[in-house]
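Asker: First the structure, which I've put down as structure tokens, then a few questions once you've had a look.
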Amino acid sequence: MKKNDIIKAEITSQGYNGEGIARIEGMPVFIENALPGEKASIHILKVNKNLAFGKIASIDVPSKLRVEPPCPYYWKCGGCDLQHQTYESQLEFKKKRVRDAIERIGGVKDPVVNDTLGMENPFRYRNKVQLPVGLENGKIISGFYAKRSHRIIDMESCIIQHEDGDKVLKIVREWMEDNGILPYQADGTGLIRHIMVRKGFITGDLMVVIVATKNQLPMNEDLTRRLSNIDGFKSLILNINSRDTNVILGESNIVLYGTDHIEDYISEFRFRISPHSFFQVNPAQTHVMYSKALEYAGLTGNETVFDAYCGAGTISMFLSKKAKKVYGVEIVREAVADARLNAEMNGVTNIEFIEGKSEDVIADLIEQGIHADVVVVDPPRKGCERSLLDSIAAMGPKRLVYVSCDAATLGRDVGIMAELGYELVEATPVDNFPMTAHVETVALMSRI
1 MKKNDIIKAE ITSQGYNGEG IARIEGMPVF IENALPGEKA SIHILKVNKN
51 LAFGKIASID VPSKLRVEPP CPYYWKCGGC DLQHQTYESQ LEFKKKRVRD
101 AIERIGGVKD PVVNDTLGME NPFRYRNKVQ LPVGLENGKI ISGFYAKRSH
151 RIIDMESCII QHEDGDKVLK IVREWMEDNG ILPYQADGTG LIRHIMVRKG
201 FITGDLMVVI VATKNQLPMN EDLTRRLSNI DGFKSLILNI NSRDTNVILG
251 ESNIVLYGTD HIEDYISEFR FRISPHSFFQ VNPAQTHVMY SKALEYAGLT
301 GNETVFDAYC GAGTISMFLS KKAKKVYGVE IVREAVADAR LNAEMNGVTN
351 IEFIEGKSED VIADLIEQGI HADVVVVDPP RKGCERSLLD SIAAMGPKRL
401 VYVSCDAATL GRDVGIMAEL GYELVEATPV DNFPMTAHVE TVALMSRI
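Residue numbers for the sequence shown follow UniProt numbering, beginning at 1 and rising by one.
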């Protein structure tokens, strides 16, 4: 097998990002957009020592899982991965992905992994979108990047974001064209880099953030007037990012209209959302995920709970409903400030938020004689620091609830906790990002 060969093969499984896998000449070949059960001619693109990559040249026998993607931009856009397969099979793929990670990486034989908790309507679920702005043949364009590139796919609508996002995108592009305002270019010219939209699904609040290279936005009154035609428009903010970087937001914000934040609910709790706030992008599934975490915590009202990597305190608030005391720990100063404001706004008095590294703060709490009956962790994609897991195990809480955004690091940390005396009881995948390969998981571990 060599590059540019066309080889007939059967797709037998799916890889980590949803790509199909066939075995050709004893080697796994990863094929984008291929599905299990398909027989196809594969155009070989690259051959490495132990694996190869290809694309579909033609499909001889299509999979029963294959459907026509509902989005006209799907085959070009890098925003979604799985629109070409049925939603039911997406949920099954995510369950298998979590189970495989726990079994293969974590070394747990036959782990209990429940069915993925999905959505009744898996579209229009995002309450936040950040889209780059560019120039193509003299026309202003905006949309997601193509896969593995910085080439913008111009789009009129995105079926996974709230409809107001489409309206904002159209208005901002027309405003730029009408006023001769140019997008930022690689040579340093131009002004507008990104458009960010944040939407409160329950409150209806709408925030628009224009990311620009300078601290003045020309004709901003005209933009405000146009955006005011959208129901719920509460905030227009100029974010300044003049650096040569792939980071979207700069550090400084200037409020051009309305307030510096909007608000929305998760369950009965109300939260402030500013341009830099971390807030889960799928509010409906966030409620599902946090409810599962609260269920796994098994609280009776007498427990002390540590919530590591607590962000703006969203999970902490859920835990506070049934815990005696919650300690939320977060390293990002702005997130801790948001968390304290959110607790105060909701009248929650049994949470204490502490700024610092989770591994350091929790070790300090233990030294002070404060011990948790239950620990909840919601780490970034890289998973938990080993020192944090060591501290948790040394403290010996009855239960550890692990909220994961990456199945591989979840599997790794389940394996570490097994060495430290904790067994996996069960895990439940939650589909917070339908049509993409991303999967969240809530796992329960108990002390042996």
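Ideal placement from N, C-alpha and C gives every residue a C-beta, glycine not left out.
(1) Look up Ala34 in the DSSP assignment and say whether it is helix, strand or coil.
(2) Tell me, please, which residues DSSP counts as bridged to Glu136.
(3) Starting from Tyr402, follow its DSSP beta bridges and name the residues at the other end.
(4) Counting only runs that start and end within the UniProt domain "TRAM" (1 to 58), where is the alpha helix (DSSP H) found for 4 or more residues in a row?
(5) Spatial neighbours of Leu135 within its chain, please: CB distance less than 6 angstroms, with the 5 preceding and 5 following residues excluded, ordered by chain position.
(6) Can you check which of these residues, Ile392, Cys384, Glu385, is closest to Ile370 by C-alpha distance?
(7) Take every Cβ of the stretch 147 to 165, pair it with every Cβ of the stretch 59 to 78, and state whether three or more of those distances are shorter than 8 angstroms.
(8) Where are the alpha helix (DSSP H) runs, 4 residues long or more, that stay fully inside the stretch 53 to 124, in chain order?
(9) Tell me whether Lys357 sits in a helix, a strand or coil according to DSSP, three-state version.
(10) Taking the straight line between their C-alpha atoms, what separation do you get for Asp164 and Ala372?
(11) Taking Cβ to Cβ, would you say Asn282 is nearer than 7 angstroms to Asn432?
(12) For the beta strand (DSSP E) that Asp178 lies in, which residues bound it at each end?
(13) DSSP three-state label for Thr409, please.
(14) Is the stretch 264 to 276 touching the stretch 212 to 219, taking contact as three or more C-beta pairs under 8 angstroms?
(15) Can you grab the Cα-Cα spacing for the pair Pro380 / Ala335, in whole Å?
(16) Closer than 6 angstroms by C-beta to Phe93: which residues in its own chain qualify, once you throw out the five before and the five after it? Chain order, please.
(17) Got a sec? Which residues, its chain only, sit under 7 angstroms from Leu217 by beta carbon, not counting five neighbours each side?
(18) If I follow the unbroken alpha helix (DSSP H) through Ser291, where does it start and stop?
(19) Please identify the residue among Pro434, His287, Ala308, Asp413 whose C-alpha is closest to the C-alpha of Met445.
(20) Please tell me whether Glu359 and Cys405 are closer than 7 angstroms, where the distance is taken between their beta carbons.
(21) Anyone know if the C-beta pair for Ala297 and Asp338 falls short of 7 angstroms?
(22) Would you mind sorting residue 450 into buried or exposed? The rule is 16 or more other CB atoms within 10 Å of its CB.
(23) Does the beta-carbon of Val61 have 16 or more other beta-carbons within 10 angstroms, so that it is buried, or is it exposed?
(24) Candidates Val374, Ile266, Gln280, Tyr309: which alpha carbon is nearest Glu385's?
(25) Going by DSSP, which residues form a beta bridge with Asp364?
(26) State buried or exposed for Ser235, treating a residue as buried only when at least 16 other CB atoms are found within 10 Å of its CB.
(27) Checking the sheet assignment: what are the DSSP bridge partners for Tyr257?
(28) How big is the Cα-Cα spacing for Tyr265 and Val376?
(29) Using a Cβ-Cβ cutoff of less than 8 angstroms, which residues in the same chain neighbour Asp81 once the five nearest sequence positions on both sides are dropped?
(30) So residue 449 and Asn346 are supposed to be a Cβ contact under 8 angstroms. How far apart are they, rounded?
(31) Using C-beta distances below 7 angstroms, list every residue in its chain close to Lys167, excluding the 5 sequence neighbours before and after it, in chain order.
(32) By how many angstroms is the C-alpha of Phe123 removed from the C-alpha of Pro397?
(33) Of the choices Ile44, Ser63, Asn48, whose alpha-carbon is the least far from that of Gly54?
(34) What's the gap between the Cα of Glu423 and the Cα of Phe353?
(35) Give me the Cα-Cα distance between Leu227 and Leu206, rounded to the nearest whole angstrom.
(36) Within 10 angstroms of the Cβ of Thr116, are there 16 or more other Cβ atoms? Answer buried if so, exposed if not.
Answerer: Quick look at the numbers:
(1) coil
(2) Lys139
(3) Note: Tyr402 sits in a beta bridge opposite Val377, Ala443.
(4) none
(5) Pro183
(6) Ile392
(7) Contact holds: three or more Cβ-Cβ distances are below 8 angstroms.
(8) For the alpha helix (DSSP H) assignment, the uninterrupted runs of no fewer than 4 residues enclosed by the stretch 53 to 124 are, from N- to C-terminal side, 87 to 100.
(9) Per DSSP, reduced to three states, the secondary structure at Lys357 is coil, with no helix or strand assignment.
(10) 43 angstroms
(11) yes
(12) Asp178 -> not in any beta strand (DSSP E); alpha helix (DSSP H) instead, spanning 163 to 179.
(13) DSSP places Thr409 within a helical segment (H, G or I) once states are collapsed to three.
(14) Verdict: no, contact absent.
(15) 14 angstroms
(16) Gln14
(17) Ile210, Leu238, Leu256
(18) Counting along the chain, the alpha helix (DSSP H) containing Ser291 begins and ends at 283 to 297.
(19) Asp413
(20) no
(21) no
(22) As displayed, the chain neither begins before 1 nor continues past 448, which places residue 450 out of reach and without an answer.
(23) exposed
(24) Measuring C-alpha to C-alpha distances from Glu385 to each of Val374, Ile266, Gln280, Tyr309 identifies Tyr309 as the nearest.
(25) In the DSSP assignment, Asp364 forms no beta bridge with any residue.
(26) buried
(27) Answer by DSSP bridge pairing, in chain order: Leu236.
(28) 21 angstroms
(29) Asn17, Gly18, Met435, Thr436, Ala437
(30) Summary: the structure shown does not reach residue 449, with the chain confined to residues 1 through 448, and so no result is reported for it.
(31) Ile230
(32) 39 angstroms
(33) A check of alpha carbon separations from Gly54 across Ile44, Ser63, Asn48 identifies Ile44 as the nearest.
(34) 29 angstroms
(35) Rounded to the nearest angstrom, the two C-alpha atoms are 10 angstroms apart.
(36) buried
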